[in-house]
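S.K.: All the letters of the sequence shown, read from the start, carry residue numbers -27 to -1, 1 to 75 under mature numbering (1 follows the signal peptide of the UniProt record, and there is no 0).
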Amino acid sequence: MTKRFSALAVSAAIVGGLFITSAPAQAATSADRGQVSVKAAITCDKGQMRQQIANLKSKAAKLKQLGETAAARKALSDAAAIQKKLDACIKAEDEASKPFPG
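What follows is the structure, given as structure tokens:
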């Protein structure tokens, strides 16, 4: 009886370990595929992004004038982040329009 119980416990542990190690790999694979399709569907509104950058820079200038240097730095870093996204969008559109980049 003890031998059967220990054999069943070992078998259950092996099967459980198999499920635990295989399930995350399958989930990650399907999540990656979904993420790629979502990224492909993102479009950039260049005009709106440029307007946001201009507004943030203007806000930073006003904050700096008022002596709020930390808030001004935050606004400038937000503007830089949007500028980086805009540059990436423009680059992606340029590369996507060419059938053979190079």
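Don't be surprised by glycine CBs; every beta carbon is placed ideally from N, CA and C.
1) Taking the alpha-carbon positions, what's the Lys32 to Glu41 distance?
2) Quick one: is Ala54 buried, meaning 16 or more other Cβ sit within 10 Å of its Cβ, or exposed?
3) My output table needs one value for Ala14: the three-state DSSP class, helix, strand or coil.
4) Go ahead and pull the three-state DSSP assignment for Glu66.
5) Helix, strand or coil for Leu39 per DSSP?
6) Starting from the C-beta of Gln21, find all residues in its chain whose C-beta is less than 7 Å away, skip the five residues before and the five after it, and write them out in chain order.
7) Please report how far the alpha carbon of Leu59 lies from the alpha carbon of Asp51, in whole angstroms.
8) What does the alpha-carbon distance come out to for the pair Leu36 and Gln56?
M.R.: In brief:
1) 11 Å
2) exposed
3) Because Ala14 sits at a pLDDT of 48, beneath the cut-off of 50, its placement in the model cannot be relied upon, and the following sentence gives the value as read from the coordinates. In the structure shown, Ala14 sits in a helix (DSSP, three-state: H, G or I).
4) helix
5) coil
6) none
7) C-alpha separation (whole angstroms): 12 Å.
8) 20 Å
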